[in-house]
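Residue numbers (the numbering used here): 3 to 357. For every residue, glycine included, the Cβ atom is placed at its ideal position computed from N, Cα and C. It should be emphasised that the depicted structure is a prediction, and the values quoted were computed from it without experimental measurement.
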Ligand SMILES: *Cc1c(COP(=O)(O)O)cnc(C)c1O
């Protein structure tokens, strides 16, 4: 606190990201990073972009990257927006599309940045409770609202809605912007992008941080009707004209072009997720059905905080939220097979010592 702070800063509720430790001996299963690393072709493109051209500003429209994304997803470049990570894209979405004259609907248990952005931008929210099995119930969204945002699959539960269900939500609210945050969609859920052509109220947000293992590069994007993209561009050009540097634009294009690497690595993450879920179940954990690169799990006989602290003592980081309904759950990122094995060993130790 300081007398120099603005009122806005006094009132903020900043998002608290998972720990990024300096120690490299920790097994990091707490922030949903991809253990397999980026495409070698992306790394090569990033290195090649580190040349004298860096003295020049990058393309403010990221034209080549937007064209590559448009080709990849079968839309027009005018239907694509890119930003410095999808968190920045989402910030522009909150300002440009979700701040309406009626409350914003989002799940009560969801990505922690949504309430943070509501606070920052003065948006009134009406959180919609997940049902008893932590699912989004579409009928609960049949209420007056200004706009809707849901992650699909939801975070931190990992549970996804089908494309048919997303279509039903869009059709129930044809006059409201509906944003689907697909940060984890590549790990097994159905993308809503094919619905963009027939639903001018739909905006789909994705990221290269998870399925393309480029969290450190900061590239996110949104796909939707041209009018929605124009709104985001107006906000961006009132904030930062050059959100993506030259290496980021080049690396993102190369990552998109390496389809073989993308398919191979996401299949590996999905297979490892299934092994992780089965191993947890075998050790007495309840595991929600995940289509993400993490699982959300609890042990009926052990407190979440105790397990998270015990794991940390064994040098394994997982995410634990001190939020009433989910305080006994752990969100565990899918790591390499060796990391999964180390997690299992550490968990067995915790279960045995916490009696
Ligand atoms: C990780 C995540 C993001 C943000 O990813 P960026 O790294 O900023 O692209 C957005 N939404 C959800 C639900 C996430 O889990």
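DSSP three-state assignment for residue i, whether helix, strand or coil
{"i": "residue 75", "result": "helix"}
{"i": "residue 251", "result": "helix"}
{"i": "residue 125", "result": "coil"}
{"i": "residue 346", "result": "helix"}
{"i": "residue 331", "result": "strand"}
{"i": "residue 108", "result": "strand"}
{"i": "residue 17", "result": "coil"}
{"i": "residue 233", "result": "helix"}
{"i": "residue 307", "result": "helix"}
{"i": "residue 337", "result": "coil"}
{"i": "residue 221", "result": "coil"}
{"i": "residue 114", "result": "coil"}
{"i": "residue 238", "result": "helix"}
{"i": "residue 9", "result": "helix"}
{"i": "residue 228", "result": "helix"}
{"i": "residue 319", "result": "strand"}
{"i": "residue 314", "result": "helix"}
Rounded separation between residue i and residue j - CA only
{"i": "residue 353", "j": "residue 291", "result": "22 Å"}
{"i": "residue 323", "j": "residue 331", "result": "8 Å"}
{"i": "residue 355", "j": "residue 349", "result": "10 Å"}
{"i": "residue 218", "j": "residue 211", "result": "7 Å"}
{"i": "residue 157", "j": "residue 3", "result": "31 Å"}
{"i": "residue 43", "j": "residue 7", "result": "45 Å"}
{"i": "residue 231", "j": "residue 90", "result": "14 Å"}
{"i": "residue 207", "j": "residue 174", "result": "20 Å"}
{"i": "residue 14", "j": "residue 131", "result": "23 Å"}
{"i": "residue 25", "j": "residue 279", "result": "27 Å"}
{"i": "residue 271", "j": "residue 188", "result": "10 Å"}
{"i": "residue 235", "j": "residue 244", "result": "11 Å"}
{"i": "residue 269", "j": "residue 215", "result": "14 Å"}
{"i": "residue 22", "j": "residue 318", "result": "13 Å"}
{"i": "residue 339", "j": "residue 19", "result": "25 Å"}
{"i": "residue 227", "j": "residue 202", "result": "5 Å"}
{"i": "residue 16", "j": "residue 142", "result": "28 Å"}
{"i": "residue 88", "j": "residue 224", "result": "8 Å"}
{"i": "residue 229", "j": "residue 129", "result": "27 Å"}
{"i": "residue 135", "j": "residue 58", "result": "52 Å"}
{"i": "residue 161", "j": "residue 54", "result": "46 Å"}
{"i": "residue 342", "j": "residue 277", "result": "9 Å"}
Proximity test, residue i beta-carbon vs ligand 1 heavy atom, cut-off 7 Å
{"i": "residue 238", "result": "no"}
{"i": "residue 160", "result": "no"}
{"i": "residue 222", "result": "yes"}
{"i": "residue 153", "result": "yes"}
{"i": "residue 209", "result": "yes"}
{"i": "residue 88", "result": "yes"}
{"i": "residue 34", "result": "yes"}
{"i": "residue 331", "result": "no"}
{"i": "residue 92", "result": "yes"}
Within 8 Å, strictly: CB atoms of residue i and residue j
{"i": "residue 255", "j": "residue 70", "result": "yes"}
{"i": "residue 344", "j": "residue 29", "result": "yes"}
{"i": "residue 48", "j": "residue 253", "result": "yes"}
{"i": "residue 197", "j": "residue 179", "result": "no"}
{"i": "residue 191", "j": "residue 154", "result": "yes"}
{"i": "residue 159", "j": "residue 195", "result": "no"}
{"i": "residue 68", "j": "residue 79", "result": "yes"}
Practice task
Any chance you could list the alpha helix (DSSP H) runs of at least 4 consecutive residues sitting entirely within the stretch 38-96, in chain order?
Solution key: 42-50, 65-75 and 87-95
Handout entry: Unbroken stretches of the alpha helix (DSSP H), 4 residues or longer, contained in the stretch 127-210
Key = 165-174
Exercise for the section: Would you list, in sequence order, the uninterrupted alpha helix (DSSP H) runs of no fewer than 4 residues that lie entirely inside the stretch 243-290? Expected result: 248-259 and 261-284
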